[in-house]
Each structure stands twice: as structure tokens, then as C-alpha cells.
Amino acid sequence: MKLQDSVIAITGGGQGLGRAMAEYLAAKGARLALIDLIPEKLDEAAAACDKAGGSAKTYICNVAREEDVEKTFEAIAKDFGQLDGLVNNAGILRDGLLVKAKEGQVEKRMELSQWQAVIDVNLTGVFLCGREAATQMIRNGNQGVIINIASIARAGNMGQSNYSAAKAGVSALVPVWAKELARYGIRCMGIAPGFIETEMTASMKPEALERMSASIPLKRMGKPEEIASAAVFIFENDYMSGRMLEVDGALRL
Ligand SMILES: NC(=O)c1ccc[n+]([C@@H]2O[C@H](COP(=O)([O-])OP(=O)(O)OC[C@H]3O[C@@H](n4cnc5c(N)ncnc54)[C@H](O)[C@@H]3O)[C@@H](O)[C@H]2O)c1
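Structure, rendered in C-alpha cells:
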């Protein structure tokens, strides 16, 4: 797919990996539809896209709400008249052990609300946005690419029952959608990042972050641009579909 003048929607485009991908794609001439919850972050990201040589429109939308997502993708179709790509990137963390006990006494458990919040955004949000994007691409009769951002945690990370389950789920959707949507000229790929320097990882406990960085064979966290360049590679290579790209400095959980 040629990125010049293409229209790419990015969820969670206001900061972190979403914003880095937006800027990287803008520099290749793409027009961005940035989707996020936080208006100020969206404005900053859109300004950065303009500066990088592309352009961006912003959409305030909770990806976990069906009505929001439907309205947003209808607005994108109206504003741009086409949709060539979607990066399903919005995600949250609500970490905690399934059950935490000391000397036989259960002290803490993962709350259902912790579980549900992460499933709603990280898994249901991907389903909803993927469905609406595919609908618009098919209606417009153009080819397209959907990228689901998973995580190395899809293999199962301690303290992340909710997050690991959601990321395993969005990884499973990649071959499903690649098979179902190929007949319409739509490809679907996933990226499973390792530990990348963003606001999300900055919110982790420093000792956990230090322990994690030390265990990465390349001995450093990844940079958002390194995920953005993987996304560009996927968009531009028309024979890639149904697979995950692992960008993790050789870390294995
Ligand atoms: N940073 C990492 O090390 C890392 C590693 C593996 C995977 N990931 C994944 O990459 C993606 C981006 O992570 P990040 O580090 O940039 O996170 P981040 O917290 O820096 O940014 C996430 C963005 O998503 C937005 N968002 C959250 N909930 C939303 C909702 N319901 N609707 C719309 N927007 C919403 C936030 O406002 C924010 O702008 C996530 O899916 C995350 O799970 C990150």
C-alpha cells in the first residue's frame, strides 16, 4: 500500500505509541484520523502530524463503547471519503495478581472491575474498531490494512491476567480477520511490542521496570519509533497478512 495520501485511523493516537506511529506515517504523507479520549493530547498529536508533513483530524471516542465507535467511523468516512488503514492501538493497564496470599491468608484478589475494564478497552475496543473499519473499507470498495497492537504479555505475564488475556485475544483475531477479509482486499497483521518507552511503561513501579529492562537481551527498552517503523513496514508490504511481528529486543516472558 502506498502511504502517500492514504487515510489511516489510529486509536489511542493522543500519546505514546499511537502518537509516534501517527507522526511517522504523517512523514510518509499519510492523512491521519486520530482517535482518543483526551482532547488536549489529540490536539498536540495533530499539530505534530502537521509538522511532520502530513495532516490529521481528531475524534474523541471511547473505543469500548459501540455507539461512540460507530459514530466515529461514520464521521471519518464523511470527512475523508476513504479509509485505507486502522491501527488498533488504544490500551490500558489495571495490573494485579489473580489471588495474593500471605501465610495462607488471602489478602487481595483481582477485582472483576479490573478484569472488565481491560477486556472492554483492549479486546472489545479492538473488535468494535476492526469491525467498523472493515465495514467502511468494504463500502468504499478500497483495499485496506488493519494492524492490532498486542504485547509480549500475550504469552502470559505475572500480574496481568486481564491484560495477557486481552492481548492473546487480539493476536487471535489477526489470522481470523486476515482469512475473512482477504476476499475484500483487506490485510490484517499484529505487532507484539516488548517494553517500550512510553507513558504507559513510565507508570509501572520503578523496581519492576528496572528488573524488566535488565532481562531484555538487547539491554534496553524499545523506542516508540521502532514500533512505528514496524507499522510502516506492514502497510507497505502487500504480501504480509495473518501474522504477528514481534518487536521486543529478544525478550521472552
Ligand atoms: N509501552 C509498552 O511498552 C507497550 C508494550 C506492549 C504493548 N503496548 C501496547 O501498545 C498500545 C499503546 O501503548 P502506550 O504505551 O502508547 O500507552 P499509553 O498509555 O501511553 O497511550 C494509550 C493511549 O490510549 C488512549 N486510550 C486509553 N483508553 C482509551 C479508550 N477507551 N478509548 C480511546 N482511547 C483510549 C489513552 O488516552 C492514550 O492516549 C497499547 O495497546 C499497549 O497495550 C505497549
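Using this note's numbering, you'd call the opening residue of the sequence shown number 6 and step up by one each time.
Think of the CB as a built atom: it goes at the ideal place given N, C-alpha and C, for glycine as much as any other residue.
Heavy atom of ligand 1 within 6 Å of residue i beta-carbon
{"i": "residue 201", "result": "yes"}
{"i": "residue 41", "result": "yes"}
{"i": "residue 138", "result": "no"}
{"i": "residue 166", "result": "no"}
{"i": "residue 119", "result": "no"}
{"i": "residue 328", "result": "Look at the range of the chain in this structure, 6 to 258, and you will see that residue 328 is not part of it."}
{"i": "residue 175", "result": "no"}
{"i": "residue 22", "result": "yes"}
{"i": "residue 204", "result": "yes"}
{"i": "residue 17", "result": "yes"}
{"i": "residue 246", "result": "no"}
{"i": "residue 53", "result": "no"}
{"i": "residue 13", "result": "no"}
{"i": "residue 263", "result": "Residue 263 lies beyond the range of the chain shown here (6 to 258); nothing can be said about it."}
{"i": "residue 156", "result": "yes"}
{"i": "residue 67", "result": "yes"}
{"i": "residue 94", "result": "yes"}
{"i": "residue 97", "result": "yes"}
Residue(s) in a DSSP beta bridge with residue i
{"i": "residue 65", "result": "41"}
{"i": "residue 154", "result": "196"}
{"i": "residue 217", "result": "Paired residue(s): none; residue 217 is not in a bridge."}
{"i": "residue 1", "result": "This structure gives no information on residue 1, because the portion of the chain shown stretches from 6 to 258."}
{"i": "residue 104", "result": "114"}
{"i": "residue 165", "result": "101"}
{"i": "residue 26", "result": "Beta-bridge pairing links residue 26 to no other residue."}
{"i": "residue 36", "result": "12, 60"}
{"i": "residue 186", "result": "Bridge partners of residue 186: none, in fact."}
{"i": "residue 251", "result": "197"}
{"i": "residue 191", "result": "149"}
{"i": "residue 227", "result": "201"}
Same chain only: Cβ atoms within 6 Å of residue i, ignoring 5 sequence neighbours per side
{"i": "residue 96", "result": "127"}
{"i": "residue 107", "result": "none"}
{"i": "residue 120", "result": "167"}
{"i": "residue 233", "result": "25, 26, 29"}
{"i": "residue 57", "result": "28, 31, 32"}
{"i": "residue 148", "result": "190"}
7 Å CB neighbourhood of residue i in its chain, flanking five on each side removed
{"i": "residue 260", "result": "Since the first and last residues shown for the chain are 6 and 258, residue 260 lies out of range."}
{"i": "residue 245", "result": "192, 194, 239"}
{"i": "residue 35", "result": "8, 11, 13, 59"}
{"i": "residue 131", "result": "93, 153, 175, 178"}
Close Cβ partners of residue i (< 8 Å) along its chain, the five nearest in sequence each way excluded
{"i": "residue 145", "result": "82, 86, 87, 88"}
{"i": "residue 116", "result": "101"}
{"i": "residue 105", "result": "111, 112, 113, 114"}
{"i": "residue 222", "result": "254, 255, 256"}
{"i": "residue 48", "result": "63"}
{"i": "residue 33", "result": "8, 9, 59, 237"}
Residue-level contact to chain D via CB, residue i, 7 Å cutoff
{"i": "residue 138", "result": "Absence of chain D from the displayed structure is noted, only one protein chain being present."}
task = Say whether the segment 72-80 touches the segment 131-151, bearing in mind that this needs 3 or more beta-carbon pairs closer than 8 Å, one atom from each stretch.
result = yes
query = Between the segment 179-190 and the segment 225-237, do at least 3 Cβ pairs fall closer than 8 Å?
reply = no
message = Taking contact to mean 3 or more Cβ pairs, one atom from each stretch, closer than 8 Å, check whether the segment 144-155 and the segment 105-122 are in contact.
response = no
ask   = Does the segment 24-32 come close enough to the segment 47-55 that 3 or more CB-CB pairs lie under 8 Å?
value = yes
task = Kindly confirm or deny that the segment 190-202 and the segment 172-179 touch, where touching means at least three C-beta pairs closer than 8 Å.
result = yes
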